[in-house]
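**Q**
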Amino acid sequence: MTVKEIADKLGLEHVAGLLDAEVDGVYVGDLLSNVMAKAGEKNLWITVQGHQNVVAVAALSNLAGVVVVEDLPIQPEAVQRAQEKNVNLLRTSMTAYELVAKLVELGI
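Residue numbers for the sequence shown, in our numbering: 1 to 108.
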């Protein structure tokens, strides 16, 4: 399933990226070093962080995209960097738990 298909089915707000990446799992966490060490390529990363280092980690780790939960702010620098690096960046009002439950229902 692509990031776009997931975004459409769950009503996620599209912030940046083409959304055409395939999703092959999910990683939930906020510690950047853990994400770099443990998230798999093509994973969709769920986090509360919305700064440009998140975009850098997503790009370096070849993640399918990043979803910022709880309608938390995403810094303009992060949006700009995501556009430059073509990192899929999304936002939702759901909590991480609610989003993961819906992703499980979708078979992710």
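For glycine and all other residues, C-beta sits at the position ideal for the given N, C-alpha and C.
Owing to the predicted nature of the structure, the values given are computational and were not obtained by experimental measurement.
When burial is assigned at 16 or more other CB atoms within 10 Å of the CB, is Lys4 buried or exposed?
**A** Translated into positions along the sequence shown, residue 4 becomes position 4. Buried, because 16 or more other Cβ atoms sit within 10 Å of the Cβ of Lys4.
**Q** Under the rule that 16 or more other beta-carbon atoms within 10 Å means buried, what is Met36, buried or exposed?
**A** Counted from its first residue, the sequence shown places residue 36 at position 36. Exposed.
**Q** So who's on the other strand from Leu90, going by DSSP bridges?
**A** By 1-based counting over the sequence shown, the position of residue 90 is 90. The partner list for Leu90 (beta bridge, DSSP) reads His14, Val67.
**Q** Closest by CA to His51, which one among Asn43, Glu41, Asp30?
**A** Here residue 51 refers to the residue found at position 51 when the sequence shown is read from its first residue. Of Asn43, Glu41, Asp30, the residue nearest in Cα terms is Asp30.
**Q** Could you check the C-alpha separation between Lys9 and Glu41 for me, to the nearest Å?
**A** Mapped onto the sequence shown, residue 9 falls at position 9. Mapped onto the sequence shown, residue 41 falls at position 41. Taking the straight line from one Cα to the other gives about 22 Å.
**Q** Taking the CB atoms as reference points, tell me whether Gln83 and Ala16 lie closer together than 8 Å.
**A** Within the sequence shown, numbered from 1, the residue matching residue 83 stands at position 83. Within the sequence shown, numbered from 1, the residue matching residue 16 stands at position 16. In this structure, Ala16 lies closer than 8 Å to Gln83 by Cβ.
**Q** Should Leu72 be labelled buried (16 or more other beta-carbon atoms within 10 Å of its own) or exposed?
**A** As a working note, residue 72 is residue 72 in the sequence shown. When all chains shown are included, Leu72 counts as exposed.
**Q** Looking at the secondary structure, which residues open and close the alpha helix (DSSP H) in which Val54 lies?
**A** The sequence position of residue 54 within the sequence shown is 54, counting from 1. Looking at the DSSP string, the run of the alpha helix (DSSP H) that includes Val54 is 52-60.
**Q** Can you grab the Cα-Cα spacing for the pair Ser61 / Val28, in whole Å?
**A** The residue you call residue 61 lines up with position 61 of the sequence shown. The residue you call residue 28 lines up with position 28 of the sequence shown. For Ser61 and Val28, the distance between alpha carbons rounds to 14 Å.
**Q** Measuring CB to CB, does Val26 end up less than 8 Å from Val79?
**A** Here the question's residue 26 lines up with position 26 in the sequence shown. Here the question's residue 79 lines up with position 79 in the sequence shown. Against a cut-off of 8 Å, the Cβ pair of Val79 and Val26 comes out as no contact.
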